Amino acid sequence: MPAKSANEPPLPQGLKAQLDVLTATRWDDVSADEVQAAAHLSQLRLDWKALGNACYSKGCFLVAIQCYSRLLELPGGDTAQIRSNRSAAYLQSLMLAGPSLALKDAEKAVELDPKWFKAHLRVGDAHWKRGHFAEADAAYREALALQPECASAIAGLRALQVESEKLCAAAATLPPRTAIHAAAAAQAKEEEPPLTQEQLVQIWKKDISTHEGRTGCRPRQASLSEADREQGAAIKQAFLSRFRAKLESNDELSATLRERREEVMLCGEEVNYREADKLRSTYSHATNGIGLGISSDAYKEHTGRVNHRTW
Numbered sequence: 009m010p011a012k013s014a015n016e017p018p019l020p021q022g023l024k025a026q027l028d029v030l031t032a033t034r035w036d037d038v039s040a041d042e043v044q045a046a047a048h049l050s051q052l053r054l055d056w057k058a059l060g061n062a063c064y065s066k067g068c069f070l071v072a073i074q075c076y077s078r079l080l081e082l083p084g085g086d087t088a089q090i091r092s093n094r095s096a097a098y099l100q101s102l103m104l105a106g107p108s109l110a111l112k113d114a115e116k117a118v119e120l121d122p123k124w125f126k127a128h129l130r131v132g133d134a135h136w137k138r139g140h141f142a143e144a145d146a147a148y149r150e151a152l153a154l155q156p157e158c159a160s161a162i163a164g165l166r167a168l169q170v171e172s173e174k175l176c177a178a179a180a181t182l183p184p185r186t187a188i189h190a191a192a193a194a195q196a197k198e199e200e201p202p203l204t205q206e207q208l209v210q211i212w213k214k215d216i217s218t219h220e221g222r223t224g225c226r227p228r229q230a231s232l233s234e235a236d237r238e239q240g241a242a243i244k245q246a247f248l249s250r251f252r253a254k255l256e257s258n259d260e261l262s263a264t265l266r267e268r269r270e271e272v273m274l275c276g277e278e279v280n281y282r283e284a285d286k287l288r289s290t291y292s293h294a295t296n297g298i299g300l301g302i303s304s305d306a307y308k309e310h311t312g313r314v315n316h317r318t319w
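Numbering (the numbering used here), first residue to last: 9 to 319.
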């Protein structure tokens, strides 16, 4: 593969003029018989291909990609050769996604013409650029099986061998992981005491809590040891029983809740999570770990200290 330059040169004026003319030309503008229309389309495909090759030879790979893409949009333009040409242009371009797009075109070229060695060569080049050396090696060998004299495939295999030797040499400089190191690591892991549930909660709170001044959210002082799960479950069950009984006896309420539920499913919950102060004020009325965070008013109602709701 040729070396990639740091920056692409400007498009020469002659090629730019040709690009403008071809861009303004439509393949279906010819109002003539089928023979003339077919000749016009064939000439247009040749012109786009020639312009793409000329831009590629000048180092203008992005414009070459544009030319090959316009050619692929024409009827009969999606061929293995054009896919291969655009794959090569992607590899030489400055695009970060160039190797991935090149691999996609190369695989399409193999699909269109499995017996063409250059399509497999493009697959090998794309895999090599992506760092997939095993896949690149297989693709280069497939190209050599179809064309034993392919110099590019031979050079690709040699480059892969050199790269593999460099990786092996770099790995040899790393400190070896002996059985003693493995045993010491396993022993240290066994000696670590398991974390309690409360410690896990504290670690979780530390990880998710934000620093002062960054958002409106503040860490809450809560402990699982203070929660009465049995009492919370009983309160929850009592409220659910009363609510379900009212739903069964009130058809209008049941229909209203069903409509609201369907509306929420269609439109979303419409919760603005950026209103941190408002949400904090809402959640500050929750009990400290009882059940599923039942509001303090609901808890007082259950205990009989307030009775301002009717179910």
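Every residue, glycine too, gets a C-beta built ideally from N, C-alpha and C. Quick caveat: nothing in here was measured; it's all calculated off a predicted structure.
Can you name, in chain order, every residue of its own chain whose Cβ lies under 8 Å from the Cβ of residue 265, other than the five neighbours on each side?
Cβ neighbours of residue 265 beyond the five flanking positions: 255.
Just the C-alpha distance for residue 42 and residue 83, rounded to the nearest angstrom, thanks.
Those two C-alpha atoms are separated by around 14 Å.
Take every Cβ of the segment 132-140, pair it with every Cβ of the segment 152-168, and state whether three or more of those distances are shorter than 8 Å.
They touch, by the three-pair rule.
How many Å lie between residue 260 and residue 267 at the Cα?
Looking at the two C-alpha atoms, the distance is approximately 11 Å.
For residue 63, name the three-state secondary structure that DSSP assigns.
Helix, per DSSP.
Around the C-beta of residue 94, are 16 or more other C-beta atoms found within 10 angstroms, so that it is buried, or is it exposed?
Residue 94 comes out buried.
Could you check whether residue 138 and residue 108 sit closer than 8 Å to each other, using their CB atoms as the reference points?
Going by C-beta atoms, residue 108 is nearer than 8 Å to residue 138.
Taking the alpha-carbon positions, what's the residue 48 to residue 155 distance?
So the alpha carbons of these two residues sit roughly 35 Å apart.
Around the C-beta of residue 71, are 16 or more other C-beta atoms found within 10 angstroms, so that it is buried, or is it exposed?
Residue 71 should be labelled buried.
So, are the CB atoms of residue 117 and residue 92 less than 8 Å apart?
Yes, the Cβ-Cβ distance between residue 117 and residue 92 is below 8 Å.
Residue 172 to residue 89, Cα distance in whole Å?
Residue 172 and residue 89: Cα-Cα distance of roughly 31 Å.
By DSSP, does residue 5 sit in helix, in strand, or in coil?
With the chain represented from 9 up to 319, any question about residue 5 goes unanswered, as that position is not in the structure.
Helix, strand or coil for residue 101, going by three-state DSSP, please let me know.
Note: residue 101 maps to coil in three-state DSSP.
Can you tell me the Cα-Cα spacing of residue 25 and residue 31, whole angstroms?
Approximately 10 Å, taken between the alpha carbons.
Check for me: the alpha helix (DSSP H) holding residue 106 runs from which residue to which?
106-120 is the extent of the alpha helix (DSSP H) around residue 106.
With a threshold of 16 other CB atoms inside 10 Å of the CB of residue 113, please say whether the residue is buried or exposed.
So residue 113 counts as buried.
Give the straight-line distance between the Cα atoms of residue 149 and residue 21, rounded to the nearest whole angstrom.
Each residue's Cα considered, the two are about 42 Å apart.
Return no unless some Cβ of chain E is closer than 8 Å to the Cβ of residue 154.
Absence of chain E from the displayed structure is noted, only one protein chain being present.
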